[in-house]
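>
Number of protein chains: 2
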Amino acid sequence: MRYELYYWPTIQGRGEFVRLPFEEAGADYFDAARTKRGMAMMMRMLEGRGVSYPPFAPPILKAGRVLISQTANILLFLGPRLHLVPAAESARLWAHQLQLTIADFIEEIHATHHPIAGGLYYEQQKREARLRAADFLKNRLPKFLGYFERILGGNAKRDHYLLGSRLTYADLSLFQTIDGLNYALPRAMARSGRRYPRAIAVHERVAERPRIAAYLASERRLAFNQQGLFRHYPELDR
Amino acid sequence: MRYELYYWPTIQGRGEFVRLPFEEAGADYFDAARTKRGMAMMMRMLEGRGVSYPPFAPPILKAGRVLISQTANILLFLGPRLHLVPAAESARLWAHQLQLTIADFIEEIHATHHPIAGGLYYEQQKREARLRAADFLKNRLPKFLGYFERILGGNAKRDHYLLGSRLTYADLSLFQTIDGLNYALPRAMARSGRRYPRAIAVHERVAERPRIAAYLASERRLAFNQQGLFRHYPELDR
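Protein chains in written order, with the working numbering: chain A, 8 to 245; chain B, 8 to 245.
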């Protein structure tokens with residue numbers, strides 16, 4: 008089956024958490040963001056016309072006749088099909104739990120620059136963003152990164168990934184989150200690196216995987232920018 | 008198997024989204040929030056001592072030896088076991104997608120009174136809460152309720168629930184969300200009722216189900232209060 012991914016064309020955003028598993032698995036996928044026709048199809052899906060399972064927001068995965076949305080739900084579906092999660096139910100639930108915690112983390116990262124309203128510009132909520140970002144750096148970033156660090160520390164010595172020795176989609180998502188944080192909050196991350204060495208090592212290990220390295224070097228990988236989830240505002244990165 | 012639910016003792020919060028399926032299914036469950044010993048056990052789980060799948064935050068479900076956290080993940084696991092979701096994979100993914108959208112909705116409801124930091128008091132972010140709540144009432148509440156209304160409207164005439172004629176855990180979660188909104192934002196909801204008649208009807212239909220009605224009338228159901236997800240601040244409910 009050829010999977011089809013529908014997402015906004017100009018940002019990595021949440022779509023990137025679906026692209027990375029496709030790239031790691033060497034899957035053949037249609038990336039609607041790269042075609043005009045694909046964008047028109049996405050808009051029709053969002054309007055819900057002739058759609059059995061209408062999405063609330065992108066990313067949207069089309070697999071045969073089934074539409075699936077919500078990033079973590081897409082990964083729940085793709086994980087076993089792309090061999091990026093173990094077969095046992097308990098392991099799948101554990102990977103999904105980690106993914107949902109990453110979803111919460113990402114939402115809080117987004118809120119550092121949009122604490123009042125997603126529909127307003129950053130410049131219209133700059134004062135509040137400073138307050139929210141300060142709390143995020145002091146309390147939330149250490150809580151989330153500390154959690155993943157603790158899990159990695161609890162694994163056996165040669166288990167370098169979140170679920171053990173084998174890479175899962177949760178590791179790809181942790182990679183993407185740390186990659187985005189490095190772009191958005193470079194000063195905070197330079198300081199934090201020492202405190203979360205195992206999490207940072209997952210980021211490096213994923214970046215070096217041959218297919219991911221090839222993807223990151225390709226034109227398919229958009230650069231981070233000031234419209235996405237992860238944005239670099241130096242005043243928020245004290 | 009006797010399920011065990013671990014959650015904070017003084018609020019409905021996210022734990023209530025797990026209690027409602029237990030109550031609807033007539034399941035025998037241990038509710039740690041009602042015992043001293045249960046709270047001590049939860050704190051140990053949160054510290055991660057001797058735990059294979061450490062939770063990031065409650066609610067936490069213990070099913071035999073497996074610990075599961077993240078509300079939507081717990082419902083993904085319980086849904087088929089409590090017969091509160093159809094057997095087909097596509098239907099399960101659809102129910103889960105709706106649940107994840109409700110999770111996003113709840114997060115935004117919480118942010119109306121805590122836009123800057125979960126660790127600060129409401130009184131310390133009152134000015135920002137007014138801004139966030141105004142945007143929520145204008146843009147987000149209609150977007151979320153309109154989405155569920157559209158899904159219910161797309162079903163066949165005699166299908167009164169989100170997935171069709173049979174109740175699923177997603178309906179229980181929609182009930183709980185509307186119930187909380189009625190407490191937190193009564194003026195806005197009194198106005199909105201007319202615009203989302205099908206969603207409001209799901210709330211009424213769930214409240215009348217015999218086991219749910221018995222639960223709501225029992226001492227097991229905590230009252231909404233000013234420490235939970237849903238809080239009533241008249242100044243946010245213009």
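Where a beta carbon is used, it is the ideal one built from N, C-alpha and C, also for glycine. Bear in mind that the values here come from a model prediction, so they are computed numbers and not experimental data.
Report yes or no: is there a C-beta of chain A within less than 8 Å of the C-beta of S76 (chain B)?
For the purposes of this step, residue 76 (chain B) is identified with residue 69 of the second sequence, where counting begins at 1. Chain A contact via Cβ: present.
> Can you check DSSP and say which residues form a bridge with E11 (chain B)?
Within the second sequence, numbered from 1, the residue matching residue 11 (chain B) stands at position 4. DSSP lists B:F37 and B:K69 as partners of E11 (chain B).
> Take every Cβ of the stretch 219–232 of chain A, pair it with every Cβ of the stretch 152–159 of chain A, and state whether three or more of those distances are shorter than 8 Å.
Not touching, per the Cβ criterion.
> With H, G and I counted as helix, E and B as strand and the rest as coil, what does DSSP make of Y60 (chain B)?
Position 53 of the second sequence, counting from 1, holds the residue named residue 60 (chain B). Note: Y60 (chain B) maps to coil in three-state DSSP.
> Report the three-state DSSP secondary structure of L74 (chain A) (helix, strand or coil).
Here residue 74 (chain A) corresponds to residue number 67 of the first sequence, with the count starting at 1. DSSP places L74 (chain A) in strand when its eight states are reduced to three.
> Could you check where the alpha helix (DSSP H) with L188 (chain A) kicks off and where it finishes?
Here the question's residue 188 (chain A) lines up with position 181 in the first sequence. Segment Y176 to A191, the alpha helix (DSSP H) holding L188 (chain A).
> I'd like the span of the alpha helix (DSSP H) that includes K164 (chain A), first residue to last.
Here residue 164 (chain A) corresponds to residue number 157 of the first sequence, with the count starting at 1. That residue, K164 (chain A), is in no alpha helix (DSSP H); it is neither H nor E in DSSP.
> Report the neighbours of N162 (chain A) on chain B: residues whose CB is nearer than 7 Å to its CB, in chain order.
If you number the first sequence from 1, residue 162 (chain A) lands on position 155. Here the premise fails: no neighbours, minimum Cβ distance about 10 Å.
> To the nearest angstrom, report how far apart H117 (chain B) and R56 (chain A) are at their CA atoms.
Working through the second sequence from its first residue, we reach residue 117 (chain B) at position 110. Working through the first sequence from its first residue, we reach residue 56 (chain A) at position 49. Looking at the two C-alpha atoms, the distance is approximately 31 Å.
> So which residues of chain B does D142 (chain A) contact, with C-beta pairs closer than 9 Å?
In the first sequence, counting from the first residue as 1, residue 142 (chain A) sits at position 135. Within chain B, the residues near D142 (chain A) are I123, A124, G125, G126 and L127.
> Does the distance from the C-beta atom of G187 (chain A) to that of F143 (chain A) stay below 8 Å?
The count along the first sequence starts at 1 and reaches residue 187 (chain A) at position 180. The count along the first sequence starts at 1 and reaches residue 143 (chain A) at position 136. In this structure, F143 (chain A) does not lie closer than 8 Å to G187 (chain A) by Cβ.
> Per DSSP, what kind of secondary structure is G86 (chain B) in: helix, strand or coil?
By one-based count along the second sequence, residue 86 (chain B) stands at place 79. In the structure shown, G86 (chain B) sits in a helix (DSSP, three-state: H, G or I).
> From which residue to which residue does the alpha helix (DSSP H) around L100 (chain A) run?
On the first sequence, position 93 is the one that residue 100 (chain A) refers to. Unbroken alpha helix (DSSP H) run through L100 (chain A): E96 to H120.
> If I'm right that Y13 (chain A) touches A39 (chain A) with Cβ under 8 Å, what's the distance once you round it to whole angstroms?
For the purposes of this step, residue 13 (chain A) is identified with residue 6 of the first sequence, where counting begins at 1. For the purposes of this step, residue 39 (chain A) is identified with residue 32 of the first sequence, where counting begins at 1. Confirmed, about 4 Å.
> Would you check if there are 3 or more beta carbon pairs closer than 8 Å linking the stretch 164–184 of chain A to the stretch 22–32 of chain A?
Yes: at least three Cβ pairs fall under 8 Å.
> Rank B:R9, B:L105, B:Y10 and B:P62 by C-alpha distance to the C-alpha of T175 (chain B) and give the top, closest one.
Translated into positions along the second sequence, residue 175 (chain B) becomes position 168. Selected option, being the one with the closest Cα: B:L105.
> Buried or exposed: which applies to Q19 (chain A), given that a residue is buried once 16 or more other Cβ atoms fall within 10 Å of its Cβ?
The residue you call residue 19 (chain A) lines up with position 12 of the first sequence. Answer is buried; the Cβ neighbour count reaches 16.
> Taking the straight line between their C-alpha atoms, what separation do you get for P93 (chain B) and S199 (chain A)?
As a first step, residue 93 (chain B) is located in the second sequence; it is residue number 86 there, counting from the start. As a first step, residue 199 (chain A) is located in the first sequence; it is residue number 192 there, counting from the start. Taking the straight line from one Cα to the other gives about 45 Å.
> Between L159 (chain A) and chain B, is there a C-beta pair that is closer than 8 Å?
Residue mapping note: residue 159 (chain A) aligns to position 152 of the first sequence, counting from 1. No, L159 (chain A) does not count as interfacial toward chain B.
> Strictly below 7 Å CB to CB, what residues from chain A border W101 (chain B)?
Translated into the one-based positions of the second sequence, residue 101 (chain B) becomes position 94. The answer, in chain order, is Y60.
> Could you say if the stretch 164–175 of chain B and the stretch 197–213 of chain B meet the contact criterion of at least three C-beta pairs nearer than 8 Å?
Counting Cβ pairs under 8 Å, three or more are found: they touch.
> Whole angstroms are fine: how far does the CA of A220 (chain A) sit from the CA of R165 (chain B)?
Here residue 165 (chain B) corresponds to residue number 158 of the second sequence, with the count starting at 1. Here residue 220 (chain A) corresponds to residue number 213 of the first sequence, with the count starting at 1. One C-alpha to the other measures close to 53 Å.
> Sort A:R51, A:E11, A:A64 and A:S59 by Cα distance to R41 (chain A) and report the nearest one.
Residue 41 (chain A) sits at position 34 when you count from the first residue of the first sequence. Ranking A:R51, A:E11, A:A64 and A:S59 by Cα distance to R41 (chain A) puts A:E11 first.
> Name the residues in the stretch 104–119 of chain B whose C-beta lies less than 7 Å from a C-beta of chain A; which are they?
Here the close residues are Q104, L107, T108 and E114.
> Tell me which same chain residues have a C-beta within less than 7 Å of the C-beta of H120 (chain A), skipping the five on either side of it?
As a first step, residue 120 (chain A) must be located in the first sequence, where it is residue number 113. Excluding positions up to five away in sequence, the list reads Y129, A136, R238, Y240 and L243.
> Drop a sphere of 10 angstroms on the beta-carbon of A140 (chain B), count the other beta-carbons inside from all chains shown, and report buried for 16 or more, exposed for fewer.
Here residue 140 (chain B) refers to the residue found at position 133 when the second sequence is read from its first residue. A140 (chain B) should be labelled buried.
> Among B:A64, B:M196 and B:G126, which has the Cα closest to the Cα of R21 (chain B)?
Counting from 1 along the second sequence, the entry for residue 21 (chain B) is found at position 14. It is B:A64.
> Quick check: the Cα distance between A195 (chain A) and R147 (chain A), rounded to an integer number of angstroms?
Stepping through the first sequence from its first residue, residue 195 (chain A) is reached at position 188. Stepping through the first sequence from its first residue, residue 147 (chain A) is reached at position 140. Their backbone Cα atoms lie some 12 Å apart in a straight line.
> Who are the Cβ neighbours of G4 (chain B) in its own chain at under 7 Å, not counting the five residues just before and after it?
Examination of residue 4 (chain B) is not possible in this model, given that chain B is present from 8 through 245 alone.
> Starting from the beta carbon of L152 (chain B), find every residue of chain A whose beta carbon is closer than 7 Å, and list them in chain order.
In the second sequence, counting from the first residue as 1, residue 152 (chain B) sits at position 145. Chain A residues near L152 (chain B): none, gap ~12 Å exceeds 7 Å.
> Tell me the DSSP bridge mates of G171 (chain A)?
Indexing the first sequence from 1 puts residue 171 (chain A) at position 164. Answer is A:Y168.
> Check for me: the alpha helix (DSSP H) holding K43 (chain B) runs from which residue to which?
Within the second sequence, numbered from 1, the residue matching residue 43 (chain B) stands at position 36. Start and end: K43 to E54.
> Chain B beta carbons: is any one of them nearer than 8 Å to that of S172 (chain A)?
As a working note, residue 172 (chain A) is residue 165 in the first sequence. Chain B, which has no Cβ nearer than 8 Å to the Cβ of S172 (chain A), makes this no.
> What three-state label does DSSP hand D244 (chain A) in the structure shown?
Indexing the first sequence from 1 puts residue 244 (chain A) at position 237. It is coil, neither helix nor strand.
> Using three-state DSSP, classify H239 (chain A) as helix, strand or coil.
Numbered from its first residue, the first sequence carries residue 239 (chain A) at position 232. In this structure, H239 (chain A) counts as coil in the three-state DSSP scheme.
> Are E23 (chain B) and L91 (chain B) closer than 8 Å when you measure CB to CB?
Here residue 23 (chain B) is taken as the residue at index 16 of the second sequence, counted from 1. Here residue 91 (chain B) is taken as the residue at index 84 of the second sequence, counted from 1. Their beta carbons are not under 8 Å apart, which means E23 (chain B) does not touch L91 (chain B) by this criterion.
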